[in-house]
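Residue numbers (this note's numbering): 16 to 459. A virtual CB, placed ideally from N, CA and C, is assigned to each residue, including glycine. Single-structure report; data block below.
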Amino acid sequence: MNETIPRYDVLIVGGGVVGTALFYTLSKYTDIKSIGLIEKYSDFGLVNSASYNNSQTLHFGDIETNYSIDKARSVKQMADMVMRYLENAKQADNDLKLFSKYSKMVLAVGASQVQELEKRYPAFSKLFPKLRMIGRDEIGKIEPRVLEGRDPGQEILALATEDGYSVDFKRLCHSFVENALRKNPALDIHLDTKLIKISKNEDHYTVLTDKGEFRSSVVMIAAGGHSLMIAKSLGYGKNLAILSMAGSFYTAPKVLNGKVYTIQVPKLPFAAIHGDPEVHSAQITRFGPTAKPIFQLERHNMSTFPEYWKTFGLGFSPIFSLLKIISDKVLFSYIFINFLYDLPIIGKRLFIREVRKIVPLLKLKELQYAKGIGGTRPQIVNNTTRKLEMGEAKLSGEKIIFNITPSPGASTCLGNAYADTFKIIEFLDNKYKFNKEAFEKDLM
Ligand SMILES: Cc1cc2nc3c(=O)[nH]c(=O)nc-3n(C[C@H](O)[C@H](O)[C@H](O)COP(=O)(O)OP(=O)(O)OC[C@H]3O[C@@H](n4cnc5c(N)ncnc54)[C@H](O)[C@@H]3O)c2cc1C
Numbered sequence: 016m017n018e019t020i021p022r023y024d025v026l027i028v029g030g031g032v033v034g035t036a037l038f039y040t041l042s043k044y045t046d047i048k049s050i051g052l053i054e055k056y057s058d059f060g061l062v063n064s065a066s067y068n069n070s071q072t073l074h075f076g077d078i079e080t081n082y083s084i085d086k087a088r089s090v091k092q093m094a095d096m097v098m099r100y101l102e103n104a105k106q107a108d109n110d111l112k113l114f115s116k117y118s119k120m121v122l123a124v125g126a127s128q129v130q131e132l133e134k135r136y137p138a139f140s141k142l143f144p145k146l147r148m149i150g151r152d153e154i155g156k157i158e159p160r161v162l163e164g165r166d167p168g169q170e171i172l173a174l175a176t177e178d179g180y181s182v183d184f185k186r187l188c189h190s191f192v193e194n195a196l197r198k199n200p201a202l203d204i205h206l207d208t209k210l211i212k213i214s215k216n217e218d219h220y221t222v223l224t225d226k227g228e229f230r231s232s233v234v235m236i237a238a239g240g241h242s243l244m245i246a247k248s249l250g251y252g253k254n255l256a257i258l259s260m261a262g263s264f265y266t267a268p269k270v271l272n273g274k275v276y277t278i279q280v281p282k283l284p285f286a287a288i289h290g291d292p293e294v295h296s297a298q299i300t301r302f303g304p305t306a307k308p309i310f311q312l313e314r315h316n317m318s319t320f321p322e323y324w325k326t327f328g329l330g331f332s333p334i335f336s337l338l339k340i341i342s343d344k345v346l347f348s349y350i351f352i353n354f355l356y357d358l359p360i361i362g363k364r365l366f367i368r369e370v371r372k373i374v375p376l377l378k379l380k381e382l383q384y385a386k387g388i389g390g391t392r393p394q395i396v397n398n399t400t401r402k403l404e405m406g407e408a409k410l411s412g413e414k415i416i417f418n419i420t421p422s423p424g425a426s427t428c429l430g431n432a433y434a435d436t437f438k439i440i441e442f443l444d445n446k447y448k449f450n451k452e453a454f455e456k457d458l459m
């Protein structure tokens, strides 16, 4: 064997919040010493985990009406881990500014939404004991601009809590890496290093990058939408494709004190438009995200156009699936209007109608399209069922795992790392130990 080729027990590909959460978990809570991480850009968290590319929200499932109670239960368990990590990090270093805390609520407008929220409350308040059902007066005290100019005859109701977390997930990546290195300074990180090709050998993978070759017994792919492209190159996930749903945002000067979500149309899998204070500036309110399909794996990066089609796959099957998915009337009109939101002049005039459901008197001149802001969510299309699969997808192969992470992938990053760590120990024939008691004590 060539001695100059780095050889690891575990190599992580991708330095977003998912890859770095795993890097941290392996370093802090296992006795695996030989761990590498490669990231194609010059820093961690520059793609979907960048604070300007996502909604900066730690999703628990309490105010996200597109989550069922079961989904909320599972997301909450994982979001709690991130919340504990953030609170511990704050105690250790108050200047870190990984997150800000704001109030949050989901607002029902009109009789049928009010009824829906009332129906939701009993089960969700058991899971989230701090969630309160509040009426017009209290809504107005927390968020005056939600009431200003609203028809006094309009029925409104909200589920609210004080525990809204806005997170800078890019800074969280850095915190994970710093804490991993603190525990084990010998860990190997290669920035500006892009995986070009991966192949399986008898007892290891060979990872060819633009900076040379790496070998590893186990490989963990945390490369967002690119994870599926890499999986397909090894013969996994052949029946899957990606619908890349870009999300844009509009900003306004502070009109909300906290996060205000709206009720999602039941058939739509994405979070409805919400208003959130920026993680590092309460003086800016951000509205969005929108959702429109693009043919790129990374937003604002045209070089990922051919990579998108490589991931999508040639042939009729993915095209049939896509046509079947978007032929749904509700989804089609939703996607169509979302396309218009990105257009100059008309986009803002259409989008403000959604925003005024939250802030009725918002002026057109207060709203600005946030240029260059917003990433893209790699939603999985299943070519067997011809359905859109929601949430994260994990493909597990021979000593390799591929994580494909649409929203709320940042909120579930530590839960994902926890699950993957068990698999890694198994892949390494139980030669190493996962101190899960310590993980659970610190984070669960
Ligand atoms: C508009 C929008 C709003 C969202 N809002 C929220 C939210 O409020 N809360 C939430 O929890 N989630 C949200 N999400 C989802 C969240 O941003 C993602 O789930 C999360 O950032 C995924 O992290 P990741 O590490 O898997 O991916 P990324 O952060 O995209 O990281 C993947 C990394 O892999 C690297 N990479 C790719 N290919 C290669 C290669 N060949 N070689 C080496 N490196 C490679 C990339 O450079 C990148 O750094 C949102 C997403 C969008 C688009």
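- Message: Helix, strand or coil for GLU313? Go by DSSP, reduced to three states.
- Response: For the purposes of this step, residue 313 is taken as the residue at position 298 of the sequence shown. Looking at GLU313 - three-state DSSP - the assignment turns out to be coil, as it is neither helix nor strand.
- Message: So, for LEU458: in the same chain, excluding its five sequence neighbours on each side, which residues have a beta-carbon less than 7 Å away from its beta-carbon?
- Response: As a position in the sequence shown, residue 458 is number 443, starting the count at 1. Excluding residues within five positions, the ones whose Cβ falls inside 7 Å are MET96, ARG99, TYR100, LEU429.
- Message: Let me check understanding here. Comparing Cα to Cα, which of GLU455, ILE388, GLY51 lies closest to GLY303?
- Response: Sequence index remark: in the sequence shown, residue 303 carries index 288 (1-based). Check the Cα spacing between GLY303 and each of GLU455, ILE388, GLY51: the tightest is with ILE388.
- Heavy atom of ligand 1 within 7 Å of ASN316 beta-carbon: Residue 316 sits at position 301 when you count from the first residue of the sequence shown. Using a cutoff of 7 Å, the CB of ASN316 does not count as near ligand 1, since none of the ligand's heavy atoms is closer than that.
- Would you check whether ligand 1 has a heavy atom nearer than 7 Å to the C-beta of TYR220? Here residue 220 refers to the residue found at position 205 of the sequence shown. TYR220: no, Cβ never under 7 Å from ligand 1.
- Where ASP207 and ILE236 are concerned, what is the direct C-alpha to C-alpha distance, given to the nearest angstrom? Residue numbering aside, residue 207 sits at position 192 when the sequence shown is read from its first letter. Residue numbering aside, residue 236 sits at position 221 when the sequence shown is read from its first letter. Between ASP207 and ILE236, the C-alpha separation is close to 16 Å.
- Item | Limits of the unbroken alpha helix (DSSP H) element including THR326 | As a working mapping, residue 326 is identified with position 311 in the sequence shown. 320-327 is the extent of the alpha helix (DSSP H) around THR326.
- Message: Please identify the residue among GLN311, PRO21, GLY30, MET93 whose C-alpha is closest to the C-alpha of GLU455.
- Response: One-based indexing of the sequence shown puts residue 455 at position 440. When each option's Cα is compared against that of GLU455, the closest is MET93.
- Item | Member of LEU196, HIS74, ASN353 whose CA lies at the smallest distance from the CA of ALA261 | Along the sequence shown, one-based indexing puts residue 261 at 246. Checking every option, the nearest Cα to that of ALA261 belongs to ASN353.
- For ASN450, collect the residues of the same chain with a Cβ closer than 6 Å to its Cβ; drop the 5 residues on either side in sequence, then sort them by chain order. Translated into positions along the sequence shown, residue 450 becomes position 435. Around ASN450: TYR44.
- Look at ILE27 and LEU37 and say whether their C-beta atoms are less than 8 Å apart. Position 12 of the sequence shown holds residue 27. Position 22 of the sequence shown holds residue 37. Against a cut-off of 8 Å, the Cβ pair of LEU37 and ILE27 comes out as a contact.
- Query: Thinking just about the alpha-carbon of each residue, which of TYR23, GLY164, LEU376, GLU133 is nearest to the one in GLY150?
  - Reply: To locate residue 150, count along the sequence shown from 1; it is residue 135. With distances taken between CA atoms, GLY150 lies nearest to GLU133 out of TYR23, GLY164, LEU376, GLU133.
- Considering LEU122, what are the terminal residues of the beta strand (DSSP E) in which it resides? Indexing the sequence shown from 1 puts residue 122 at position 107. Looking at the DSSP string, the run of the beta strand (DSSP E) that includes LEU122 is 114-124.
- Is LEU61 near ligand 1, going by C-beta to nearest heavy atom under 7 Å? The residue you call residue 61 lines up with position 46 of the sequence shown. For ligand 1, at least one heavy atom lies less than 7 Å from the Cβ of LEU61.
- Task: For LEU271, I'd like the list of residues in its chain whose CB is within less than 8 Å of its CB, leaving aside the five on either flank, ordered along the chain.
- Result: The residue given as residue 271 occupies position 256 in the sequence shown. Counting only Cβ-Cβ distances below 8 Å, and skipping sequence neighbours, we find GLU158, ARG160, VAL161, GLY290, ASP291, PRO292, THR300, ILE373, VAL374.
- Message: Which residue marks the beginning of the alpha helix (DSSP H) containing ILE299, and which one marks its end?
- Response: Residue 299 sits at position 284 when you count from the first residue of the sequence shown. No alpha helix (DSSP H) contains ILE299, which is instead part of the beta strand (DSSP E) from 296-303.
- Reduced DSSP category for GLY250 - H, G, I as helix; E, B as strand; rest coil: By one-based count along the sequence shown, residue 250 stands at place 235. Annotated three-state conformation of GLY250 is coil, per DSSP.
- Return yes when at least one heavy atom of ligand 1 lies under 7 Å from the C-beta of ILE154, else no. As a working mapping, residue 154 is identified with position 139 in the sequence shown. No, the beta carbon of ILE154 sits no closer than 7 Å to any heavy atom of ligand 1.
- Message: For ILE416 and THR176, I'd like the C-alpha separation in whole angstroms.
- Response: Mapped onto the sequence shown, residue 416 falls at position 401. Mapped onto the sequence shown, residue 176 falls at position 161. In a straight line, the C-alpha of ILE416 is about 37 Å away from that of THR176.
- Among SER232, ILE213, THR319, ASN445, nearest to SER259 - alpha-carbon criterion: As a working note, residue 259 is residue 244 in the sequence shown. Cα-wise, what sits closest to SER259 is THR319.
- Best match in LEU379, ASN398, PRO359 for proximity to PRO333 [C-alpha to C-alpha]: On the sequence shown, position 318 is the one that residue 333 refers to. Of LEU379, ASN398, PRO359, the smallest CA-CA separation from PRO333 is found for ASN398.
- With a threshold of 16 other CB atoms inside 10 Å of the CB of PHE310, please say whether the residue is buried or exposed. As a working note, residue 310 is residue 295 in the sequence shown. So PHE310 ends up on the exposed side.
- Message: If you reduce the DSSP assignment to three classes, tell me which class ASP435 lands in.
- Response: Counted from its first residue, the sequence shown places residue 435 at position 420. Residue state, collapsed to three classes: helix.
- Can we count PRO421 as close to ligand 1, meaning its CB is less than 7 Å from some heavy atom? The count along the sequence shown starts at 1 and reaches residue 421 at position 406. Flag set: Cβ of PRO421 near ligand 1.
- Going by the CB atoms, is the gap between SER231 and TYR23 shorter than 8 Å? Position 8 of the sequence shown holds residue 23. Position 216 of the sequence shown holds residue 231. Less than 8 Å divides the Cβ of TYR23 from the Cβ of SER231.
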